[in-house]
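Protein chains: 2
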Amino acid sequence: MLGRLYEGQECAAARTLEVVGERWSLLILRDALFRGYTHFSDFQKSLGIAANILARRLEVSVAAGIMKAVPTSSHPNHWEYVLTEKGQDFKPVVVALTAWGDKWLGLGPAEYVHETCGGIIGQHFHCAQCGADPPPAEVRAQRRQFSPRRP
Amino acid sequence: MLGRLYEGQECAAARTLEVVGERWSLLILRDALFRGYTHFSDFQKSLGIAANILARRLEVSVAAGIMKAVPTSSHPNHWEYVLTEKGQDFKPVVVALTAWGDKWLGLGPAEYVHETCGGIIGQHFHCAQCGADPPPAEVRAQRRQFSPRRP
Numbered sequence: 016m017l018g019r020l021y022e023g024q025e026c027a028a029a030r031t032l033e034v035v036g037e038r039w040s041l042l043i044l045r046d047a048l049f050r051g052y053t054h055f056s057d058f059q060k061s062l063g064i065a066a067n068i069l070a071r072r073l074e075v076s077v078a079a080g081i082m083k084a085v086p087t088s089s090h091p092n093h094w095e096y097v098l099t100e101k102g103q104d105f106k107p108v109v110v111a112l113t114a115w116g117d118k119w120l121g122l123g124p125a126e127y128v129h130e131t132c133g134g135i136i137g138q139h140f141h142c143a144q145c146g147a148d149p150p151p152a153e154v155r156a157q158r159r160q161f162s163p164r165r166p
Numbered sequence: 016m017l018g019r020l021y022e023g024q025e026c027a028a029a030r031t032l033e034v035v036g037e038r039w040s041l042l043i044l045r046d047a048l049f050r051g052y053t054h055f056s057d058f059q060k061s062l063g064i065a066a067n068i069l070a071r072r073l074e075v076s077v078a079a080g081i082m083k084a085v086p087t088s089s090h091p092n093h094w095e096y097v098l099t100e101k102g103q104d105f106k107p108v109v110v111a112l113t114a115w116g117d118k119w120l121g122l123g124p125a126e127y128v129h130e131t132c133g134g135i136i137g138q139h140f141h142c143a144q145c146g147a148d149p150p151p152a153e154v155r156a157q158r159r160q161f162s163p164r165r166p
């Protein structure tokens, strides 16, 4: 099913890349998340990739539970690829990639907005303890501290 | 230098993947960002990849301006790979990948904390207009609206 690309890597970021680290996977997600695409032909037109590669990537997304294949009501032999909740949850990854590109490679054609008020959406870190939205320089990683079991 | 992996894709997320979409690139960044690694041998030990592949990825990171190669003071023929500001700015991408993996693939071994108070760090969307931190379902993409030039 999914190739073990990052053998021996237990970290959550590495395991996420097992699922979406193959070329085109994140751009298929972008199209599904923010353009609302569900049809094979829409993804193909947007990405301009070979049909066999796209078919394989969609198959892998379904196997990973990121999308589900749903028969279209009008054409019983056609399928639509619909994001699951697990797939919807990739929005922060795509927004973070976009923000980096906008800043360092020049503004791209898309911006993210708040559906209810139309305001521009940014992405921030937030500290659950002191309530600050710290800059990246104040964010560090540590080994997760599991709470001891209750007796 | 960098391969054009996503030919014809002008979006900022796609162009970011041109820079860090090759296998291992984001995990090298993770090690540099959150483990403070700068030496070839530390990356190699952490990732367990072939020396020629790691050398190529570091070379590409330097060419892209994400890292700079600095001679070590103690060994004049050795180099350290130090993140630039452009590289430091990948923290939100790595944190977003980790959050997805923690939620959908099981908790990984690392968590992110606020350096100044030790609190757990989360990542949120924030609306510049209404001040809300909206859920992903309320975030949508639109074509960027450039302000007209001033006369």
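The listed protein sequences correspond, in order, to chains A and B. Everything in the first sequence is counted per my numbering, starting at 16 for the first residue and increasing by one. Everything in the second sequence is counted per my numbering, starting at 16 for the first residue and increasing by one. Glycine included, every Cβ here is placed at the ideal spot set by N, Cα and C.
- prompt: Are the stretch 18–37 of chain B and the stretch 110–123 of chain A in contact at 8 angstroms, needing three or more beta carbon pairs?
  reply: Taking a cut-off of 8 angstroms for Cβ pairs, the stretch 18–37 of chain B and the stretch 110–123 of chain A touch, as three or more such pairs fall below it.
message: Closer than 8 angstroms between beta carbons: that is the criterion. Which residues of the stretch 67–79 of chain A meet it against chain B?
response: Answer set for the stretch 67–79 of chain A: empty.
- prompt: Terminal residues of the continuous beta strand (DSSP E) containing A:Gly137?
  reply: Element bounds for A:Gly137: 136–142.
query: Under 8 angstroms between the Cβ atoms of B:Val77 and B:Ala70?
result: Cβ distance not < 8 angstroms, so B:Val77 and B:Ala70 don't count as in contact.
- request: Look up B:Trp94 in the DSSP assignment and give the residues it is bridged to.
  value: Secondary-structure assignment with DSSP links B:Trp94 through a beta bridge to B:Pro86.
- request: Check the Cβ of A:Val128 against every Cβ in chain B and list those closer than 8 angstroms, keeping chain order.
  value: Those within 8 angstroms of A:Val128 in chain B are Val154, Arg155, Ala156, Gln157.
task: On a CA-only basis, which of B:His141, B:Val75, B:Ile135, B:Val108 is nearest A:Phe161? Give me that one, please.
output: By alpha-carbon distance to A:Phe161, the top candidate from B:His141, B:Val75, B:Ile135, B:Val108 is B:Ile135.
query: Near A:Thr87, which residues of its chain fall below 6 angstroms by C-beta distance, leaving aside the five closest residues on each side in sequence?
result: The answer, listed in chain order, is His93, Glu95.
Span separating the alpha-carbon of B:Ala65 from that of B:Ala47: Pairing B:Ala65 with B:Ala47, the inter-Cα distance amounts to about 18 angstroms.
Proximal chain B residues relative to A:Val109, where beta-carbon distance stays under 7 angstroms: Chain B residues near A:Val109: Ala28.
- request: Would you decide whether A:Arg45 is buried or exposed? Buried here means 16 or more other CB atoms lie within 10 Å of its CB.
  value: By the C-beta density criterion, A:Arg45 is buried, having at least 16 other C-beta atoms within 10 angstroms.
field: 6 angstroms Cβ shell around B:Leu73 - same chain, five flanking residues per side excluded
entry: Closer than 6 angstroms at the Cβ level, and outside the excluded window around B:Leu73, lie Tyr96.
field: Burial state of B:Ser40 (16 or more Cβ within 10 Å)
entry: Buried is the label assigned to B:Ser40, since at least 16 other Cβ atoms lie within 10 Å of its Cβ.
- request: With 7 angstroms as the limit, tell me which residues of the stretch 41–54 of chain A have their beta carbon closer than that to any beta carbon of chain B; keep them in chain order.
  value: Cβ contacts with chain B come from Leu41, Leu42, Arg45, Phe49.
- prompt: With burial defined as no fewer than 16 other Cβ atoms inside 10 Å of the residue's Cβ, what is the status of B:His129: buried or exposed?
  reply: A buried status is given to B:His129, since no fewer than 16 other beta-carbon atoms sit within 10 Å of its beta-carbon.
For A:Ala65, the first and last residue of its enclosing beta strand (DSSP E): A:Ala65 -> no beta strand (DSSP E), and no H or E assigned at all.
message: Could you check whether the Cβ of B:Trp115 sits closer than 8 angstroms to any Cβ belonging to chain A?
response: Closer than 8 angstroms to some Cβ of chain A, the Cβ of B:Trp115 qualifies, so yes.
query: Are there three or more Cβ pairs, one per stretch, closer than 8 angstroms when the stretch 139–147 of chain A is compared with the stretch 131–147 of chain B?
result: The answer is yes - the stretch 131–147 of chain B touches the stretch 139–147 of chain A, with three or more Cβ pairs under 8 angstroms.
field: Anticipated Cβ contact below 8 angstroms, B:Val154 with A:Tyr127, distance rounded
entry: Taking the Cβ atoms as the reference, B:Val154 lies roughly 5 angstroms from A:Tyr127, within the contact range of under 8 angstroms.
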